[in-house]
Every structure is written in C-alpha cells, then in structure tokens.
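So the structure is just underneath, and the comments pick up after that.
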Amino acid sequence: MNQIIENKYKLDQAKFLEKVHVFAPATVANMICGYDILGFAVDYPGDEVIMKKTKKLGIEILTITGDEEKLPLDAMKNTVSHSAWKLFCDLGLQDFFGLSIELHKKMPIGSGLGSSAASTVAGLFALNELLGKPLSKNDLLPYCMEGERLACGAAHADNVAPSLFGGITLIPSYEPLLVRSLPVPENLYVTLIYSKVEVPTKDARKLIKDKVQLSKAIKQWGNIASLVAALYENDYEEIGRSMQDDIIEPNRSLLIPYFNEMKSISLENKALTFGISGSGPTVMALSKSKLDAENIAQKLNDFLTIKEIEHLSFVSKINQQGPYIKH
Numbered sequence: 001m002n003q004i005i006e007n008k009y010k011l012d013q014a015k016f017l018e019k020v021h022v023f024a025p026a027t028v029a030n031m032i033c034g035y036d037i038l039g040f041a042v043d044y045p046g047d048e049v050i051m052k053k054t055k056k057l058g059i060e061i062l063t064i065t066g067d068e069e070k071l072p073l074d075a076m077k078n079t080v081s082h083s084a085w086k087l088f089c090d091l092g093l094q095d096f097f098g099l100s101i102e103l104h105k106k107m108p109i110g111s112g113l114g115s116s117a118a119s120t121v122a123g124l125f126a127l128n129e130l131l132g133k134p135l136s137k138n139d140l141l142p143y144c145m146e147g148e149r150l151a152c153g154a155a156h157a158d159n160v161a162p163s164l165f166g167g168i169t170l171i172p173s174y175e176p177l178l179v180r181s182l183p184v185p186e187n188l189y190v191t192l193i194y195s196k197v198e199v200p201t202k203d204a205r206k207l208i209k210d211k212v213q214l215s216k217a218i219k220q221w222g223n224i225a226s227l228v229a230a231l232y233e234n235d236y237e238e239i240g241r242s243m244q245d246d247i248i249e250p251n252r253s254l255l256i257p258y259f260n261e262m263k264s265i266s267l268e269n270k271a272l273t274f275g276i277s278g279s280g281p282t283v284m285a286l287s288k289s290k291l292d293a294e295n296i297a298q299k300l301n302d303f304l305t306i307k308e309i310e311h312l313s314f315v316s317k318i319n320q321q322g323p324y325i326k327h
C-alpha cells in the first residue's frame, strides 16, 4: 500500500490506527417546533463502536449487544457499517485491508432518541479516526445522512447532525446542505422518559399530514424564530414558550401512553416545556437546573410505575462535544 493514497483526501498510512473505540450520543430531534430542522445531542445514552483494521478484505460486524437481537449482522443492512463502507470504498481502500465492527447499543431501538443515527455517526467517526482524521465533520455529514436513508427511508439530518457536531443544530437548507450550530444555555437540562412501546420512524411519519393550515404554519414559523433568538439571549422562559407544536404533536402523541398526563406533571414541576423526542415514544422535558430535571424524572417515574408502564428515564445536559474516543 502506498504511503500516500491519492484521492480527494490525502491519506497517510503512517497515521492509521489499528483499533478505535468510539461513543456517539443519542439525540432529541425536532425540538418540538422544528420538525426535521432542529435537534440536540445528550451526554447519555448513546452507542459505542469498536472498529479494527483486518487483513481480511471487506467489512464485517462481529457482534451487536443491547439490541435484543433486532438488528442485522449483515453489514450492508446495518447503519453502523453501511455508510462507513461507502466512505471506505470512496476513499479507494477496499483492496488494501478490511474492517471489523463491534456495536454496543446503549439505548432502545425505535425510541425516538436517534438510535440509528448514533450508530451511523459512531461508525463513520470511528473510521475517520482509524484513518488519521482526514475528513472534517462537514465531510462526514452526507455519509451520515445516507445511514438515515437506509434506516427510515429519508436522508434527514436532524438526528445525525447534532450527534456528529454536538450541541444544538439547525438545518436551514438541504439543497444545498447547511448546518448551523446554535448557542447552548449553560444550565439547560433535559429529562427523557422512554415508555417501552416501539414507534418506528417510518410509521410515525405516516401520521404527518401533507397539508398544513396557513395559520398553524405562521405560528410554527414564529415559534422557531423565537426559539433561535431565545437561545442566543439565554432566555429560558422564552425557550419554553417557543417550543410548542400544533402540527406534528397532536397526531404523534396519540401513539404515546399517557402523553397528556405526563405533560401536565412536567409543567406542574417547573419544566420549561414538554414534548416528543424525535418520532417517539420517548418524551422530553427541558429544565433550567439539574435539580428540577431530576425531580421531573422522579415524578414521571412514579406516575408510570403506578400505571404499570415499563419505562426508562435519563437526565442529561446538552452534549456539546458530539462523538469521542473512549480510552
């Protein structure tokens, strides 16, 4: 293999690693009012990937844990390897060595936490690290979006962008593809509650109407603009007021047990806002302190336990780093 592989990116074999262990964060897509254009990353949960160079050509998934045997080991059908292999081939490396992958799922599948996106981002970030980081995150993003196309039929970026870049991201345009990082208020915390009812993204998207009343669209545009301004101004109350949705939430919330009751409990316990994470069934509440976020989590845990709804809860700050190497 040549010391320098000639292609768009200068690959230096001396910088290649034999093995990397990567964490990529879960995400909250849409941020209630910003369907398909807004999202943020969380510190936990997320996915972990161990990727190694192999003498055997091709790409192989050795093992998957935490998926309840729901995900395919076929590398061309799994988002963790599908996009990584496409990039690997685009770089012209497929005849020089191969790749092996271990995927450790640390979040539920079909949960509304960007499960497929975290796997895709982890796989691509791991490959880029393995190759000495020749690509920027902007270069990686289109490949990440192809993983979402495989997972749910649409190459949207509201999960993969925040997982890849960290923080809060806005996608103002898909053609051309533009991603903007928005300010993250220092004391912003999120409470995540996952009820163990699977809501595949493809099914959730079927509930969305093609046509929207102009009055509702105007209100939604105002909410998005106000939210962006509030993030820049660290205005927590305006963040909460802006994150409202009269277009998507009324239909999707029907798939989530006790959604309205959980919303009331959260708002009664100092939540700034409450809504659906991604396509659900995970719900999210934002707070301006860790104490409030943990209290909301406890109240919702107590409520769902009484209702005999199996669930998981997480409290996190906004992850501003994105994926990283685990040592």
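The numbering of the sequence shown is UniProt numbering, which starts it at 1 and goes up by one.
Just so it is clear, CB atoms sit at the ideal spot from N, CA and C, and this is done for glycine as well.
- Looking at the DSSP output, ILE325 shares a beta bridge with VAL22.
- Under DSSP, GLU69 takes part in no beta bridge, so it has no partner.
- Remark: three or more beta-carbon pairs, one from each stretch, lie closer than 8 angstroms, so the segment 144-158 and the segment 118-125 are flagged as touching.
- Within the segment 95-178, the runs of alpha helix (DSSP H) at least 4 residues long that lie entirely inside it are, in chain order, 115-130, 137-152 and 160-165.
- When DSSP assignments are scanned along the segment 267-307, the uninterrupted stretches of beta strand (DSSP E) that are 3 or more residues long and fall wholly within it turn out to be 273-276 and 283-287.
- Checking the DSSP bridge columns, you'll see PHE314 partnered with LEU192.
- The bridge partners DSSP lists for GLY240 come to none.
- Apart from sequence neighbours up to five positions away, the residues of its chain that approach LEU62 with a beta-carbon distance below 6 angstroms are SER100 and GLU102, ordered along the chain.
- Between the C-alpha atoms of SER253 and GLY275 there is a straight-line separation of about 9 angstroms.
- Remark: C-beta atoms of LEU177 and ALA157 approach each other more closely than 9 angstroms.
- For PRO183, there is no enclosing beta strand (DSSP E), as DSSP marks it with neither H nor E.
- Apart from the 5 residues on each side of it in sequence, SER242 sits with its Cβ closer than 7 angstroms to the Cβ of CYS33, ASN223, SER226, LEU227 and ALA230 in its chain, given in chain order.
- Shown here for THR54: same chain residues with a beta carbon closer than 8 angstroms to its own, the five before and five after excluded, namely GLU60, PHE97, GLY98, LEU99 and SER100 in chain order.
- A contact between stretches requires three or more CB pairs, one per stretch, nearer than 8 angstroms, and the segment 259-276 fails this requirement with the segment 166-182.
- The C-alpha of LYS326 is placed about 41 angstroms away from the C-alpha of ASP246.
- If you draw a straight line from the Cα of LYS263 to the Cα of GLY92, it comes to about 51 angstroms.
- Look at PHE88 here: in three-state DSSP terms it is helix.
- For LYS15, no alpha helix (DSSP H) run applies, since DSSP gives it neither H nor E.
- Note on geometry: alpha-carbon atoms of PHE314 and ILE193 lie some 7 angstroms from one another.
- LYS105 places its beta carbon less than 9 angstroms from that of ASP47.
- As the crow flies, the alpha-carbon of ASP210 is around 11 angstroms from that of ILE248.
- The beta-bridge partner set that DSSP reports for PHE259 is empty.
- ALA230: member of the alpha helix (DSSP H) spanning 214-233, first to last residue.
- In this structure, PHE165 lies near ALA41, with their beta-carbon atoms less than 9 angstroms apart.
- Taking 9 angstroms as the cut-off, the beta carbon of ALA24 is found closer than this to the beta carbon of SER163.
- Inclusion of ILE109 and LYS77 in the CB contact set at 9 angstroms is not warranted, their separation being larger than that value.
- Within the DSSP bridge table, the entry for THR54 names GLY98 as partners.
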